[in-house]
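S.K.: In the numbering used here, the protein residues as written are 1 to 882.
(1) When burial is assigned at 16 or more other CB atoms within 10 Å of the CB, is residue 320 buried or exposed?
(2) CB-CB under 6 Å to residue 466, same chain, minus the five flanking residues each way: which ones, in chain order?
(3) Could you say if the stretch 134-151 and the stretch 47-55 meet the contact criterion of at least three C-beta pairs nearer than 8 Å?
(4) Just reading off the alpha helix (DSSP H) that residue 333 is part of, what are its end residues?
(5) Can you name, in chain order, every residue of its own chain whose Cβ lies under 6 Å from the Cβ of residue 178, other than the five neighbours on each side?
(6) For residue 810, report the span of its alpha helix (DSSP H) as first-last.
(7) Pick out whichever of 511, 484 and 214 has its Cα sitting closest to the Cα of residue 551.
(8) Buried or exposed for residue 640, please, with buried defined as at least 16 other CB atoms from any protein chain shown within 10 angstroms of its CB.
(9) Would you call residue 702 buried or exposed, if buried means 16 or more other Cβ atoms sit within 10 Å of its Cβ?
(10) Report the rounded CA-to-CA distance for residue 710 versus residue 661, giving the unit in angstroms.
(11) So, for residue 791: in the same chain, excluding its five sequence neighbours on each side, which residues have a beta-carbon less than 7 Å away from its beta-carbon?
(12) Using 8 Å as the cut-off, can you tell me whether the stretch 757-774 makes contact with the stretch 716-735, which would need three or more C-beta pairs spanning the two stretches below that distance?
(13) Do the CB positions of residue 231 and residue 261 come within less than 8 Å of each other?
(14) Using a Cβ-Cβ cutoff of less than 6 Å, which residues in the same chain neighbour residue 494 once the five nearest sequence positions on both sides are dropped?
(15) So what's residue 502 in DSSP terms, helix, strand or just coil?
(16) Assuming the contact rule is C-beta atoms closer than 8 Å, residue 253 and residue 283 should be a hit. Round their C-beta distance to whole Å, please.
(17) Evaluate residue 315 with the Cβ neighbour count: other Cβ atoms within 10 Å of its Cβ, from every protein chain shown; 16 or more gives buried, anything less gives exposed.
(18) Hey, how far is the Cα of residue 454 from the Cα of residue 574?
(19) Pop quiz: residue 55 and residue 136 are said to be a contact at Cβ under 8 Å. What is the actual Cβ separation, rounded to whole angstroms?
(20) By the three-class DSSP mapping on this structure, what secondary structure does residue 790 have?
(21) Leaving out the 5 sequence neighbours to the left and right, which residues in its chain are closer than 6 Å to residue 32 when beta-carbon positions are compared?
(22) For residue 220, which beta-bridge partners are listed by DSSP?
(23) Which word fits residue 767, buried or exposed, when buried means at least 16 other C-beta atoms lie within 10 angstroms of its C-beta?
(24) Would you mind working out which of 629, 349 and 540 sits nearest residue 825, comparing C-alpha positions?
(25) Enumerated in chain order, which unbroken segments of the beta strand (DSSP E) with a length of 3 residues or greater are wholly contained in the stretch 195-265?
(26) For residue 41, I'd like the list of residues in its chain whose CB is within less than 8 Å of its CB, leaving aside the five on either flank, ordered along the chain.
(27) Do you know how far the Cα of residue 207 is from the Cα of residue 186?
(28) Is it the case that the Cβ atoms of residue 514 and residue 560 are separated by a distance below 8 Å?
(29) Tell whether a beta-carbon distance below 8 Å holds between residue 794 and residue 837.
(30) Using only alpha-carbon positions, find the residue among 490, 421, 483 and 527 that is nearest to residue 576.
(31) If you reduce the DSSP assignment to three classes, tell me which class residue 158 lands in.
(32) What residues in its chain sit with their C-beta under 8 Å from that of residue 164, if we drop five residues either side in the sequence?
(33) Hey, is the stretch 648-658 in contact with the stretch 712-726, meaning 3+ C-beta pairs nearer than 8 Å?
(34) Hey, how far is the Cα of residue 684 from the Cα of residue 649?
(35) Over the uninterrupted alpha helix (DSSP H) stretch that includes residue 701, give me the two end residues.
Shown next, in the form of structure tokens:
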């Protein structure tokens, strides 16, 4: 692809060797070179304002095939050893070789041309064969250092592409050492032959020109594709076959340039183009096309014109009166006018929109200064395009090379828009995925879309209940404005607008249809029209929205909310791309908010199921029992943990903490069974902790409960003597559960690990279970807990127990009430998003020589449980539950 040339504007000196440099700036450089490659080199030197240029073929040596400004002793046909050739480095690198200061560049500093001062700066690009191989180089060079721009490189690469046919022919001539020159002319001026390949019959029809070109006659050509393949050079056969098969498969065009081997071993180059034709059923049935001999090339001035015509970029020249003197075919296409209309016409008359634009400024500036100019500019309709332009002046006028870069600029802008859009969507996704709290999600959403998509916004949520989808089920819960001074105004508008909106409002339309409603202009007046008189309507005049869009936030087939997005008069209206991005944001936000809704419902349901199985703790004499249950962050993870506390008939207080293996609703159901069994057995039998666990284990086997669980059962007992001494006896048995902890009156913390942690319930029902006991002083606190408090991912159980002991010791210094202690333990020990549910049972032994503390509640006893000795005399009769 040809690109717009750029380069230095400085004046160049005459090149070494005494040859005058080509005149810079002419539309078609006037040179006296004797070949097309000489002319190409002269054009390169002129366009890049270089002292010297040449085109070389590189194989086992470098052979100069055309040049201008060459040093003394060097001419077309001169050979240079590869070890001394700068162009050889270009071919070896297989890319542009840019040398700004040859004497300081290690790559070339040692070469003779550099040491002798011939090359001070060098720019060379590979010339490639049709198959992409580098077969030579086109270069320009100066005796002094010079900076080469990226545009210089692109321009030289384009010219090199134009030299491909000539230099490839030269390379083949070198390779095969052929000396015979084609002596016959084309049958006519064009020398083009035609072909028709009928894929249904397999017949390949050639006209006389192609038959003769391929070395056949009417008798020897068998009209088959095999006859064509027989003449193809073996190295080119796979490539040409693939091009034909692709055209047939796609119904597209076919283009190839290849070598043929004639019966007398002569090699010719042929260029062919064709198109596959399909029938009404979409099957390719024929391939039609044309081919011509490209071995012999035209010479003279037509060669230069052919180079210009072959360029994929546009080129034209203007005289001193601003009239077109030359226009290539690409310029015809880009300018939208035939050359017959352009040639001789005045550029300012033909293109009046150029007057007063960058085009006129740069064109006139170049003519006045004599300096090359490069720029990018937009030309309005009917061209409606951006152009990259390079204009250089000369004695005859102005030569202009230009390229349509609209697609490039559009793609760049689209890439920037896409990048911004993807970044916003990624930020929205990440921010909303981090929370299952709807209020927090709304706050994050408002501050992400403003100012990225609009000047201000309001987020509305729909209720979960039967009012969802109606006005009564909507609530504006979040707002934001890019201007800090107007945030309070938007917030107040959000508080007042729902009661003022009518059924004709855009919010109502979006809610009813589930589709976005856009207000592209005059949004303030249109919003006022759907608001009842009052404060909300007055606030619209303060906010002054010019454009707006209301987008439903959809999640799993329902509208969970709406996003109102507005722009002020200072900002351009919401574009279609902005609205599409907003729709994507709304889609992701709707799903996130629906996830929060489902999580809240599941959490409430699971937690309600769990808590419904629990009972209030008893209130025995001077013993305060506090319980806590904290569900996991994931709603489905609640289920297995439980606590319990009750009185046995003899007045002893039983404490239970347990955890059924599993974290789901099934675990919650199993927990309910095990808890009920243990509660019933202990309350009825009055047995000690070990016996209770043993009986529960056996009943679980009998009833085939089919689950396993950990548990600690503890019993608070007190004899009259122990009551007199102010101590209480604690007996406990542990079935594979984390050990209880005790905070003494002095604040010291002890782990009750004396009892062996027996097997879990539900594994071996016949084992004997052990008990441990300890004497506790009054004001002691006992804490039973489940493993979710001390064990989590990335933290061992031992580390968790150590952290809990330290936390209890620190909290004891603050002398908290029992309720405060439980709340603070949970706050400090649990992560922000707990992965497991947690149950606590905490017991505090209040002094018995004074009334029961108020925070412990009244002393309540079941009707069949006798009070402890001396209780009625000291504290009055207990309250009996019916």
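A virtual CB, placed ideally from N, CA and C, is assigned to each residue, including glycine.
M.R.: This is what the structure holds:
(1) One-based indexing of the chain shown puts residue 320 at position 320. Answer is exposed; the Cβ neighbour count stays below 16.
(2) As a working mapping, residue 466 is identified with position 466 in the chain shown. Annotation note: pLDDT 42 at residue 466 (below 50); position unreliable, no value reported.
(3) yes
(4) Taking the first residue of the chain shown as 1, we reach residue 333 at position 333. According to the DSSP assignment, residue 333 belongs to the alpha helix (DSSP H) that extends over 329-335.
(5) Numbered from 1 along the chain shown, position 178 holds the residue referred to as residue 178. Here the model assigns residue 178 a pLDDT of 34, short of 50, so the residue's position is not dependable, and the following value carries that caveat. No residues qualify anywhere along the chain.
(6) Here residue 810 refers to the residue found at position 810 when the chain shown is read from its first residue. From DSSP, the alpha helix (DSSP H) with residue 810 extends over 797-812.
(7) Looking up residue 551 in the chain shown gives position 551. Checked all of 511, 484 and 214; the closest Cα to residue 551 is 511.
(8) The residue labelled residue 640 in the question sits at position 640 within the chain shown. So residue 640 counts as buried.
(9) Taking the chain shown and counting its residues from 1, one reaches residue 702 at position 702. Exposed.
(10) Working through the chain shown from its first residue, we reach residue 710 at position 710. Working through the chain shown from its first residue, we reach residue 661 at position 661. Distance between the alpha carbons of residue 710 and residue 661 is about 8 Å.
(11) Counted from its first residue, the chain shown places residue 791 at position 791. Excluding five sequence positions before and after residue 791, the CB atoms of its chain that fall closer than 7 Å to its own CB belong to 797 and 800, given in chain order.
(12) Yes, they touch.
(13) Within the chain shown, numbered from 1, the residue matching residue 231 stands at position 231. Within the chain shown, numbered from 1, the residue matching residue 261 stands at position 261. Yes. Within cutoff.
(14) The sequence position of residue 494 within the chain shown is 494, counting from 1. So the list reads 458, 476 and 479, once near-sequence residues are dropped.
(15) The residue labelled residue 502 in the question sits at position 502 within the chain shown. The answer is coil: DSSP assigns residue 502 none of H, G, I, E or B.
(16) As a working note, residue 253 is residue 253 in the chain shown. As a working note, residue 283 is residue 283 in the chain shown. Their Cβ separation, rounded to whole angstroms, is 17 Å, which puts residue 253 and residue 283 out of contact at 8 Å.
(17) If you number the chain shown from 1, residue 315 lands on position 315. Buried, since its Cβ has 16 or more Cβ neighbours within 10 Å.
(18) As a working note, residue 454 is residue 454 in the chain shown. As a working note, residue 574 is residue 574 in the chain shown. Each residue's alpha carbon lies about 8 Å from the other.
(19) Stepping through the chain shown from its first residue, residue 55 is reached at position 55. Stepping through the chain shown from its first residue, residue 136 is reached at position 136. Right, the Cβ-Cβ distance comes to about 7 Å (below 8 Å), so this counts as a contact.
(20) On the chain shown, position 790 is the one that residue 790 refers to. The three-state reading of DSSP puts residue 790 in coil, since its state is none of H, G, I, E or B.
(21) Walking along the chain shown from the start, residue 32 turns up at place 32. The predicted position of residue 32 is uncertain, since its pLDDT is 34 and thus under 50; a value taken from the coordinates is nonetheless stated next. The beta carbon of residue 32 sits closer than 6 Å to no other beta carbon from its chain once the five residues preceding and following it are set aside.
(22) Indexing the chain shown from 1 puts residue 220 at position 220. Looking at the DSSP output, residue 220 sits in no beta bridge, so it has no partner there.
(23) Numbered from 1 along the chain shown, position 767 holds the residue referred to as residue 767. Classification for residue 767: exposed.
(24) Reading the chain shown from its first residue, position 825 is the one you call residue 825. Taking only the C-alpha atoms, the option nearest residue 825 is 629.
(25) 204-206 and 253-261
(26) For the purposes of this step, residue 41 is taken as the residue at position 41 of the chain shown. Non-local C-beta neighbours of residue 41 in its own chain, meaning closer than 8 Å and more than five positions away in sequence, comprise 33, 53, 54, 55, 66, 67, 68 and 138, ordered along the chain.
(27) If you number the chain shown from 1, residue 186 lands on position 186. If you number the chain shown from 1, residue 207 lands on position 207. Only weak support exists for where residue 186 lies, its pLDDT of 36 falling under 50; the value from the coordinates is given anyway. Cα to Cα, the separation comes out at about 14 Å.
(28) The residue given as residue 514 occupies position 514 in the chain shown. The residue given as residue 560 occupies position 560 in the chain shown. No.
(29) On the chain shown, position 794 is the one that residue 794 refers to. On the chain shown, position 837 is the one that residue 837 refers to. The answer is no: Cβ separation not under 8 Å.
(30) Translated into the one-based positions of the chain shown, residue 576 becomes position 576. The shortest CA-to-CA distance from residue 576 to any of 490, 421, 483 and 527 is the one to 421.
(31) Residue 158 sits at position 158 when you count from the first residue of the chain shown. Here residue 158 sits in helix by DSSP.
(32) By 1-based counting over the chain shown, the position of residue 164 is 164. These residues qualify, in order along the chain: 127, 128, 129 and 130.
(33) yes
(34) In the chain shown, counting from the first residue as 1, residue 684 sits at position 684. In the chain shown, counting from the first residue as 1, residue 649 sits at position 649. The alpha-carbon atoms of residue 684 and residue 649 are separated by roughly 8 Å.
(35) Here residue 701 corresponds to residue number 701 of the chain shown, with the count starting at 1. Note, residue 701: alpha helix (DSSP H), 689-703.
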